[in-house]
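Trainee: Next up is a structure, given as structure tokens.
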Amino acid sequence: MSKLSYERPFIQKLNTGSMNKFGTKTEFSPVSQLDGVPVKKLTDEYGSPLFVISERQIRKNSQNANRAFKTRYPKIQFAWSYKTNYIDAVCNIFHQEGSWAEVVSVFEYKKALRNGVSGNNIIFNGPDKSVEDLELAVDNNSLIHIDHFDELYSLVELLSGGKKKARVAIRVNMDTGIYPMWDRFGFNYENGQAWNAINKIMAHPELELVGLHCHIGTYMLSTSAYATAAYKLCDLAKHIKLSYNLVVQYLDLGGGFASSNTLKGSYLQGADIIPTVDDYAEAITSTVLNAGFKQDELPTIILESGRALIDDAAWLIGSVLATKRLSDGRRATVVDFGVNLLFNAFWYDYKISPAQDFTHHTEDMALYGPLCMNIDCIRESVNLPLLNKGDQLVVHKVGAYNMTQWLQFIQMRPNVVLIDMEGNVHLVREKESIDTIIQQERMPEYLKKK
Amino acid sequence: MQINKNIAISDSGFIFNPSTGDSFSTNQVGMEIIRLLKDNKSKEEVISGVVSKFNVDEATVEKDLSDFTLMLNNFQLVIGHE
């Protein structure tokens, strides 16, 4: 007689009276394939943990965002936010879809140039631009978004006496009715600082004011905040036209659109509370259309959305290293990916699925990463099947900020693969090794082992 | 280690402790272990009983049994836990 299949013994106390009146779908349906490629095949070939990016989903998101805006407004330009995910293959998919590059450091700037983005299609944001960086941007005719007066004066000094001109915008911060107000970046609208900066730019013919920029926050759940931001940028643009007879070419509304990940502490799932890209588009475009611009003077609207376009286009596959029991009786599962790879686990409750079939029994558990550090917790409480060492898990919607904010801490960073439109798998970032680290180190002669 | 005498166990894995009013659910392997413990089997006999019925090795059962009996003890379902 053949033996029965084994599942580790499990006992659970049954509680009544603590049911959530909003029944939500269970999270533990197995996910054994990603874009048609078996998870097992991916890890057999590329190891675990492994980041997997979907070209299909990136293109779908990009095309959906373009549709949402372009059906509402005649002049739309997206610029891919490099800091959200600057793996070259990812950037080039967005560039193929027509996105410019939006960068916040000279490192990202040079990456965009390497990716073949024309200099005049690179938006250079951020508070850290050295004189050399500014010179590079001026020479490439890039759009320089000035963040503070020190940068403005540096640019004036750089260009004084020469024949070069710089295409510039200012970043404007403002009260849009949301908290926190990102007033550490750019010039304030309400206290007149932004207008002061505009006047200073207009006093220097070597600076060509072409746009106005804002970026009001991240994971924004309110579309009305974008309407307020658009209204205030339109107000500045109209004042520029009135005072200087200059037509501002573009309004850059930045990014900050929410993805469908669930924030820690949120009562409802992220997907149930976030606005759609159409909601954001409606708020922004209708405000600009109703602002009173002449038809032939309508500014181009630039969007720098990152998170909403890439988060759901990547997964992280990982494996169970161990299961254990905590002192209070809770189950703990240790996996081979931690906050070193999922930096955003600090504020997201990531959806996690098993990659193989289980019985219907599940248990609440804490999910810990592999780091020998107490902070390394991916989920403080998640309901999953009875996992065993070696079982695989899939973390969903990890495309934004993890592959740029990841840490080389205790562990190396793993392989990243891309599944193309035909289901072929490509290695787009090779895993690190000890050589990656030690090639940057230098040993003083006197400390070398004799 | 013995299962409390007054614990009621159904064939579907539903467990009721009348002295506390608590109820529990368990899976097939858990039911088998509880059944063996109710029959006053030793730890070694429980392990060999599970191995003979399920597709599993002794080391795995020993590790899992240790965790399972800890939970039985936490839930006050056993007497004489080592």
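Line by line, the protein sequences are chains A and B.
Following the working numbering, the numbering of the first sequence begins with 5 at its first residue and continues without gaps.
Following the working numbering, the numbering of the second sequence begins with 569 at its first residue and continues without gaps.
Where is the CB? At the ideal position from N, CA and C, for every residue including glycine.
(1) To the nearest angstrom, report how far apart Asp332/A and Pro418/A are at their CA atoms.
(2) How close, in whole Å, do the beta carbons of Ala227/A and Arg76/A come, if the pair is a contact with beta carbons under 8 Å?
(3) Check Tyr450/A in the structure and name its three-state DSSP category.
(4) Cβ closer than 8 Å: which chain A residues qualify as neighbours of Lys611/B?
(5) Determine whether the beta carbon atoms of Asn595/B and Val646/B lie at a separation below 9 Å.
(6) Whose C-alpha, out of Val135/A, Asp353/A and Gly165/A, is nearest the C-alpha of Leu159/A?
(7) Quick test of your reading: Thr327/A and Arg335/A, contact by CB under 8 Å. State the CB separation rounded to the nearest angstrom.
(8) Closest to Ile97/A by CA distance: which of Gly221/A, Val432/A, Leu54/A and Gly123/A is it?
(9) Does Arg175/A get closer than 9 Å to chain B when you measure Cβ to Cβ?
(10) Could you check whether the Cβ of Met639/B sits closer than 9 Å to any Cβ belonging to chain A?
(11) Flag Asn608/B as yes if its beta-carbon sits less than 9 Å from any beta-carbon of chain A, otherwise no.
(12) Kindly say whether Gln570/B, judged by its beta-carbon, lies nearer than 9 Å to any beta-carbon of chain A.
(13) If you reduce the DSSP assignment to three classes, tell me which class Tyr405/A lands in.
(14) Ends of the beta strand (DSSP E) at Asp315/A?
(15) Can you tell which of Ala275/A, Val41/A, Phe14/A and Glu11/A has its C-alpha closest to the C-alpha of Met425/A?
(16) Applying the criterion that 16 or more other CB atoms from any shown protein chain within 10 Å of the CB defines a buried residue, is Asn265/A buried or exposed?
(17) With three or more C-beta pairs closer than 8 Å as the rule, is the segment 394-404 of chain A touching the segment 306-315 of chain A?
(18) Starting from Asp132/A and walking both ways along the alpha helix (DSSP H), at which residues does that stretch end?
(19) Grab the span of the beta strand (DSSP E) containing Lys17/A for me, first residue to last.
(20) So, using beta-carbon positions, are Leu640/B and Ile602/B closer together than 9 Å?
(21) Could you work out which residues of chain A lie near Val624/B, taking near to mean beta carbons separated by less than 7 Å?
(22) Using C-beta distances below 7 Å, list every residue in its chain close to Glu436/A, excluding the 5 sequence neighbours before and after it, in chain order.
(23) Below 8 Å on the Cβ atoms is my guess for Ile306/A versus Tyr354/A; work out the distance and round it to an integer in Å.
(24) Where does the unbroken alpha helix (DSSP H) through Asp282/A begin, and where does it stop?
(25) Starting from Arg433/A, follow the beta strand (DSSP E) in both directions and report where the run begins and ends.
(26) What is the residue span of the beta strand (DSSP E) that Asp590/B lies within?
(27) Going straight from the alpha carbon of Lys74/A to that of Lys64/A, what length do you get?
(28) Pick out the complete alpha helix (DSSP H) segments inside the segment 26-67 of chain A, 4 residues or longer, and give them in chain order.
(29) With 9 Å as the threshold, decide whether the Cβ of Lys115/A is near any Cβ in chain B.
(30) Terminal residues of the continuous beta strand (DSSP E) containing Met369/A?
(31) Identify each residue in the segment 582-605 of chain B for which the Cβ-Cβ distance to at least one residue of chain A is less than 9 Å, and report them in chain order.
(32) Could you check what DSSP says for Ala198/A in three-state terms: helix, strand or coil?
(33) Below 7 Å on C-beta distance, what does Asp579/B contact in chain A?
(34) Is it buried or exposed, Phe153/A, if we count other Cβ atoms within 10 angstroms and call 16 or more buried?
(35) Where does Lys242/A sit, in a helix, a strand or coil, going by DSSP?
(36) On the DSSP bridge assignment, give the partners of His219/A in chain order.
Mentor: Walking through what the data contain:
(1) If you number the first sequence from 1, residue 332/A lands on position 328. If you number the first sequence from 1, residue 418/A lands on position 414. Spanning the two alpha carbons is a distance of roughly 34 Å.
(2) For the purposes of this step, residue 227/A is taken as the residue at position 223 of the first sequence. For the purposes of this step, residue 76/A is taken as the residue at position 72 of the first sequence. Residue identity check: residue 227/A is Thr in the sequence provided, not Ala. Going by Cβ atoms, the distance from Thr227/A to Arg76/A rounds to 13 Å, so no, they are not a contact pair.
(3) By one-based count along the first sequence, residue 450/A stands at place 446. Note: Tyr450/A maps to helix in three-state DSSP.
(4) Numbered from 1 along the second sequence, position 43 holds the residue referred to as residue 611/B. The premise fails here: Lys611/B is roughly 14 Å from chain A at the closest Cβ pair, so nothing lies under 8 Å.
(5) In the second sequence, counting from the first residue as 1, residue 595/B sits at position 27. In the second sequence, counting from the first residue as 1, residue 646/B sits at position 78. No, the Cβ-Cβ distance between Asn595/B and Val646/B is not below 9 Å.
(6) For the purposes of this step, residue 159/A is taken as the residue at position 155 of the first sequence. Among Val135/A, Asp353/A and Gly165/A, the Cα nearest to that of Leu159/A is on Val135/A.
(7) Taking the first sequence and counting its residues from 1, one reaches residue 327/A at position 323. Taking the first sequence and counting its residues from 1, one reaches residue 335/A at position 331. Indeed, because the Cβ distance is near 7 Å, the residues count as touching under 8 Å.
(8) Looking up residue 97/A in the first sequence gives position 93. Residue Val432/A is the option with its Cα nearest to Ile97/A.
(9) Stepping through the first sequence from its first residue, residue 175/A is reached at position 171. Not closer than 9 Å to any Cβ of chain B, the Cβ of Arg175/A fails to qualify, so no.
(10) In the second sequence, counting from the first residue as 1, residue 639/B sits at position 71. Yes, because at least one Cβ of chain A sits closer than 9 Å to the Cβ of Met639/B.
(11) Taking the second sequence and counting its residues from 1, the one referred to as residue 608/B is at position 40. Judged by the 9 Å Cβ criterion, Asn608/B is not in contact with chain A.
(12) The sequence position of residue 570/B within the second sequence is 2, counting from 1. No, its Cβ sits nowhere closer than 9 Å to a Cβ of chain A.
(13) Working through the first sequence from its first residue, we reach residue 405/A at position 401. Coil.
(14) Counted from its first residue, the first sequence places residue 315/A at position 311. It is not in any beta strand (DSSP E) - Asp315/A carries neither H nor E in the DSSP assignment.
(15) The count along the first sequence starts at 1 and reaches residue 425/A at position 421. Looking at the Cα atoms, Val41/A is the closest of the given residues.
(16) Mapped onto the first sequence, residue 265/A falls at position 261. Per the 10 Å Cβ criterion, buried.
(17) yes
(18) Residue mapping note: residue 132/A aligns to position 128 of the first sequence, counting from 1. Taken as a continuous stretch (DSSP letters only), Asp132/A belongs to no alpha helix (DSSP H), as it is neither H nor E.
(19) By 1-based counting over the first sequence, the position of residue 17/A is 13. That run of the beta strand (DSSP E) goes Ile15 to Lys17.
(20) Here residue 640/B refers to the residue found at position 72 of the second sequence. Here residue 602/B refers to the residue found at position 34 of the second sequence. Cβ distance < 9 Å, so Leu640/B and Ile602/B count as in contact.
(21) Numbered from 1 along the second sequence, position 56 holds the residue referred to as residue 624/B. The contacting residues are Tyr10.
(22) Locating residue 436/A in the first sequence gives position 432, where the first residue counts as 1. Same-chain partners within the cutoff: Gln412, Met416 and Arg417.
(23) To locate residue 306/A, count along the first sequence from 1; it is residue 302. To locate residue 354/A, count along the first sequence from 1; it is residue 350. Not a contact, Cβ separation roughly 30 Å.
(24) As a working note, residue 282/A is residue 278 in the first sequence. It spans Val281 to Leu293 - the alpha helix (DSSP H) in which Asp282/A sits, taken as one unbroken run.
(25) The residue labelled residue 433/A in the question sits at position 429 within the first sequence. Residues Val429 to Arg433.
(26) To locate residue 590/B, count along the second sequence from 1; it is residue 22. Counting along the chain, the beta strand (DSSP E) containing Asp590/B begins and ends at Asp590 to Thr594.
(27) As a first step, residue 74/A must be located in the first sequence, where it is residue number 70. As a first step, residue 64/A must be located in the first sequence, where it is residue number 60. If I take the Cα positions, the gap works out to 15 Å.
(28) 43-50
(29) The residue you call residue 115/A lines up with position 111 of the first sequence. No, Lys115/A does not count as interfacial toward chain B.
(30) As a first step, residue 369/A must be located in the first sequence, where it is residue number 365. First-last of the beta strand (DSSP E) with Met369/A: Thr366 to Tyr372.
(31) Phe582, Ile583, Asp590, Ser591, Phe592, Ser593, Thr594, Asn595, Gln596, Val597, Gly598, Met599, Glu600, Ile601 and Ile602
(32) For the purposes of this step, residue 198/A is identified with residue 194 of the first sequence, where counting begins at 1. Three-state result, Ala198/A: helix.
(33) As a first step, residue 579/B is located in the second sequence; it is residue number 11 there, counting from the start. Within chain A, no residue comes near Asp579/B; the closest Cβ sits about 15 Å away, beyond 7 Å.
(34) As a first step, residue 153/A is located in the first sequence; it is residue number 149 there, counting from the start. Burial call: exposed.
(35) Reading the first sequence from its first residue, position 238 is the one you call residue 242/A. Lys242/A: helix per DSSP, three-state reduction.
(36) Residue 219/A sits at position 215 when you count from the first residue of the first sequence. Answer is none; His219/A lacks a bridge partner.
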